[in-house]
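Residue numbers (the working numbering): 1094 to 1279.
Below is one structure; the comments refer to it alone.
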């Protein structure tokens, strides 16, 4: 057997391996970006529902302006947040503000009975569930991608391509209060 054929065979196998690893990383990174896009779509839906909810509550609880202003301010902060870490923190603040607006309905039976409020609450609950599912999917894709970056021999190939493949951040709940179940009865 000619040594040149052995060397060429080893090079071909190495090149195929590098191409396979590179393509796998690219595919997973695209899935991470797609998952992030899914989160943003649901967050946009949430942002669009909030002004309607606030307007409905205003009619019944106009003297609760501070709570309503806090919700709008949290919404605006979340909409302007850049990057996953900042977006996650802003979304956590918005979730807390929304909880306070739903807690108001306990003090206002007419608001709780309002059909428009109930419909908006249902839509927002549905959106929250979709956001939660999108976060889980995104975090799963980030886990897979970050794992691929760190396992051998991928980690050597990642270093060869420089900054093209960067570790991705999870979309996490940072505030311990957010992790607790909130009991709001309607």
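Glycine included, each C-beta is placed from N, C-alpha and C at the ideal position.
- Could you give the distance in angstroms between the alpha-carbon of residue 1168 and the alpha-carbon of residue 1182? About 12 Å.
- Coil, strand or helix - residue 1183 by DSSP: The answer is helix: DSSP assigns residue 1183 an H, G or I state.
- Spatial neighbours of residue 1204 within its chain, please: CB distance less than 6 Å, with the 5 preceding and 5 following residues excluded, ordered by chain position. If we look at residue 1204 and ignore the five residues flanking it on each side, its Cβ neighbours are 1153, 1198, 1210.
- Message: Quick check on the DSSP output: the alpha helix (DSSP H) that includes residue 1115 runs from which residue to which?
- Response: First-last of the alpha helix (DSSP H) with residue 1115: 1096-1153.
- For residue 1175, count neighbouring Cβ atoms within 10 angstroms of its own Cβ and tell me buried if that reaches 16, exposed if not. Exposed.
- Message: Nearest by alpha-carbon distance to residue 1125: which of 1191, 1255, 1240 is it?
- Response: Here the closest residue by C-alpha is 1240.
- Message: Using only CA atoms, which one of 1135, 1150, 1100, 1163 lies nearest to residue 1207?
- Response: In terms of Cα proximity to residue 1207, the closest of 1135, 1150, 1100, 1163 is 1150.
- Item | Option nearest residue 1177 by Cα separation, candidates 1142, 1098, 1228, 1222 | Looking at 1142, 1098, 1228, 1222, the one whose alpha-carbon comes closest to that of residue 1177 is 1228.
- Message: Is it the case that the segment 1107-1127 contacts the segment 1138-1150, given that we only count it when at least three CB pairs across the two stretches are under 8 Å?
- Response: The count of Cβ pairs closer than 8 Å, one atom from the segment 1138-1150 and one from the segment 1107-1127, stays below three, leaving the stretches out of contact.
- Item | Distance, residue 1127 Cα to residue 1191 Cα | One C-alpha to the other measures close to 27 Å.
- Message: Does residue 1104 pass the burial test, meaning 16 or more other C-beta atoms within 10 Å, or should it be called exposed?
- Response: Residue environment: residue 1104 is assigned as exposed (fewer than 16 neighbouring CB atoms within 10 Å of its CB, all protein chains considered).
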